[in-house]
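Numbering (my numbering), first residue to last: 3 to 164. C-beta: ideal position from N, C-alpha, C; glycine also.
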Amino acid sequence: MHQLAQLNVATMKAPLESPVMADFVAALERINALAEQAPGFVWRLKSDSGDATDFRPLGDQVLVNLSVWADVGSLANYVYRGGHVEIMRRRREWFDRMDAGHMVLWWIEAGHIPTVDEAIDRLQRLRAAGPSPWAFSFGAAYGPPGSDAHAAPFRIGAAPSA
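Structural data, given as structure tokens:
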């Protein structure tokens, strides 16, 4: 059985402690709780304090978000159809537009907890080579290994995510 891992990265317009980022920081606990309660949620990266913003492997201004979900549909529903949407709408207030891809998806064996290094490697591979079953995005998703949807990319909503 497989689960879906995802990494997204964002370059902050100002330090996390600054007034520019205040609304984003104020929403983090609520948005993280929504994720953890969402159907299909499995795991998310967080420090002992419960916060993923403590991890800065790509520099002081770059936040990383790493999580595991049951499938592509579960993650897409959380990202695009729930309370997370309000954060997505305001992202340009807090984060710079990135020239390179900022998000990657990939399948893992159920129970595997991806590392930040593993996730960054997948993102770099997607940026360099484009989507493949090894590293993909919502725009060109692949199903889990062994499924009919693993052979060719599909757009979310155009094909089943299983």
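Secondary structure at T117: coil, using DSSP grouped into helix, strand and coil. Under the three-state reduction of DSSP, W96 is assigned to helix.
D73 is the residue among F97, R83, D73 whose C-alpha sits nearest the C-alpha of M3. As DSSP reads the structure, I89 sits in no beta bridge. A35: member of the alpha helix (DSSP H) spanning 24–39, first to last residue. Residues G85, H86, I89 of the same chain have their beta carbon placed closer than 8 Å to that of I33, with the five preceding and five following residues left out of the count. In this structure, the straight-line span from the alpha carbon of L65 to that of P133 is close to 23 Å. In terms of CA proximity to I110, E120 leads the group G103, E120, L128, A102. With at least 16 other beta carbons inside 10 angstroms of its own, R124 counts as buried.
If you draw a 10 Å sphere on the C-beta of A28, you find fewer than 16 other C-beta atoms in it, and that means exposed.
Bounds of the beta strand (DSSP E) holding S69 are 64–71.
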